[in-house]
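*Asks:* Going by my numbering, the sequence shown runs without a break in its numbering and finishes at 380. Cβ atoms here follow ideal geometry from the backbone N, Cα and C, with glycine treated the same way. Dropping a structure here in structure tokens format, bear with me for questions.
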Amino acid sequence: MASCIDVQYVSKSYGKTVALDDVSFSIPCGESYALLGPNGAGKSTTLRLLVGLLKPDTGTIKIDGHEPFSPEAKSALGYLPEDATPYRTLSVRENLEYIAALRGVKDVTLATDRFLDELVLREYERAKVGKLSRGNMQKLSIALALIHNPKIVLLDEPLNYLDIPTQERVFKMLKSLQSTMIVSTHIMSIATRLTEKVLMIARGKIVWNGTIDTLKGMEVGDESIESVVARLMTGAS
Ligand SMILES: Nc1ncnc2c1ncn2[C@@H]1O[C@H](COP(=O)(O)OP(=O)(O)OP(=O)(O)O)[C@@H](O)[C@H]1O
Ligand SMILES: [Mg+2]
């Protein structure tokens, strides 16, 4: 099966801080993975490398067979950064229309209206982003990442700031995508609801890679899946 995301022997440091240490993984086209790890594990760094915002110190990354910073990779990718901020002086609708046009969406108005409705942003469509609540800004940022129906979707903690009904809407929207997807999270229940596979990262290393079903099979007695994950992350057997 073709790999849409291929990472081989990648390391990345910020000054003396080693954020990623010899990381390798490969994601076949069409599969969804949760990138699960505690604070500071290297999740956001991994996603920033995949979208070409950072360059690895060593190792190689291929997005749909291309270098991450190439035009081919950029047009294949949809990315929600951690703490995303859309254009603050534009309205919600203007942000959607502008990004849709830049991304080559054929029917900009149709795509804009669809996301306004699906994410319940209609009442804010004329509001300037600078005046939105953090949750509504996050909804708009998710829409901006997905508006061009990207082949490969990378979302850094997409459910941050969202209320429970909105989380449910976003779950539904992400589950319906045909794209190859990585969703970073430190919350196991988000991983289990969104994907069947998990890449677990701790202290800059991939500590586990497999299916959620396999993880469930590793529960001992009445142990919870969170406890299995904690064991794997701390290296305890
Ligand atoms: N711009 C930066 N400058 C220096 N160090 C950084 C920078 N960004 C991240 N780091 C360090 O790199 C390591 C990995 O950080 P990263 O943001 O990738 O983790 P994360 O898994 O996304 O964490 P979180 O769950 O808190 O978002 C941490 O030790 C962090 O302090
Ligand atoms: Mg992060």
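1) For ligand 1, I want to know if LYS186 counts as a neighbour, meaning its beta carbon is within less than 8 angstroms of at least one of the ligand's heavy atoms.
2) Assign SER175 to one of three DSSP states: helix, strand, or coil.
3) Using three-state DSSP, classify GLY347 as helix, strand or coil.
4) Should ALA219 be labelled buried (16 or more other beta-carbon atoms within 10 Å of its own) or exposed?
5) Once you ignore the five residues that flank GLY278 on each side, which residues in its own chain have a CB closer than 8 angstroms to its CB?
6) In terms of alpha-carbon separation, which member of VAL371, ASP164, TYR241, ILE349 lies closest to THR94?
7) If you reduce the DSSP assignment to three classes, tell me which class LEU220 lands in.
8) Applying the criterion that 16 or more other CB atoms from any shown protein chain within 10 Å of the CB defines a buried residue, is ILE330 buried or exposed?
9) Is the number of C-beta pairs between the segment 291-298 and the segment 217-235 that are closer than 8 angstroms three or more?
10) Might you give, ordered along the chain, the residues of its own chain that have their beta carbon closer than 7 angstroms to the beta carbon of ARG336, omitting 5 neighbours on each side?
11) In three-state DSSP terms, what is ILE307?
12) Per DSSP, VAL150 is paired with what?
13) Say whether the segment 207-218 touches the segment 254-270, bearing in mind that this needs 3 or more beta-carbon pairs closer than 8 angstroms, one atom from each stretch.
14) CB LEU196 to CB VAL326, shorter than 9 angstroms?
15) Output yes or no for whether 9 angstroms exceeds the beta carbon distance between SER187 and LYS340.
16) Please confirm whether LEU287 and PRO229 have their CB atoms less than 9 angstroms apart.
17) So, are the CB atoms of CYS147 and PRO171 less than 9 angstroms apart?
18) With respect to 8 angstroms, is the separation between the Cβ of SER327 and the closest non-hydrogen atom of ligand 1 below this value?
19) Any heavy atom of ligand 2 within a distance shorter than 8 angstroms of the CB on GLU300?
20) Would you check if the distance between the CB atom of GLY185 and the CB atom of LYS159 is smaller than 9 angstroms?
21) Helix, strand or coil for ASP299, going by three-state DSSP, please let me know.
22) Where does TYR241 sit, in a helix, a strand or coil, going by DSSP?
*Replies:* With the structure as the only source:
1) With a threshold of 8 angstroms, the Cβ atom of LYS186 counts as near ligand 1, since some heavy atom of the ligand is closer than that.
2) Looking at SER175 - three-state DSSP - the assignment turns out to be strand.
3) Secondary structure at GLY347: coil, using DSSP grouped into helix, strand and coil.
4) The residue is buried, with at least 16 neighbouring Cβ atoms inside 10 Å.
5) If we look at GLY278 and ignore the five residues flanking it on each side, its Cβ neighbours are TYR304, LEU305, ASP306, THR309.
6) Because the chain is modelled from 144 through 380, residue 94 falls outside the range shown and cannot be assessed.
7) LEU220: strand per DSSP, three-state reduction.
8) By the neighbour-count rule (16 or more Cβ atoms within 10 Å), ILE330 is not buried but exposed.
9) The answer is yes - the segment 217-235 touches the segment 291-298, with three or more Cβ pairs under 8 angstroms.
10) Once the five neighbours on either side are set aside, the close Cβ partners of ARG336 are PHE314.
11) Three-state DSSP puts ILE307 in a helix.
12) Answer by DSSP bridge pairing, in chain order: PHE168, ILE204.
13) Using a Cβ-Cβ distance cut-off of 8 angstroms, the segment 207-218 and the segment 254-270 are not in contact, since fewer than three pairs of beta carbons, one from each stretch, lie closer than that value.
14) Taking 9 angstroms as the Cβ cut-off, LEU196 and VAL326 do not qualify as a contacting pair.
15) No, they are not a contact pair.
16) With respect to the 9 angstroms criterion, LEU287 and PRO229 are classified as neighbours on the basis of their beta carbons.
17) Yes; because the gap between Cβ atoms is below 9 angstroms, this pair is in contact.
18) True, at least one ligand heavy atom lies under 8 angstroms from that Cβ.
19) At least one heavy atom of ligand 2 lies less than 8 angstroms from the C-beta of GLU300.
20) No; because the gap between Cβ atoms is not below 9 angstroms, this pair is not in contact.
21) DSSP places ASP299 within a strand segment (E or B) once states are collapsed to three.
22) Helix at TYR241.
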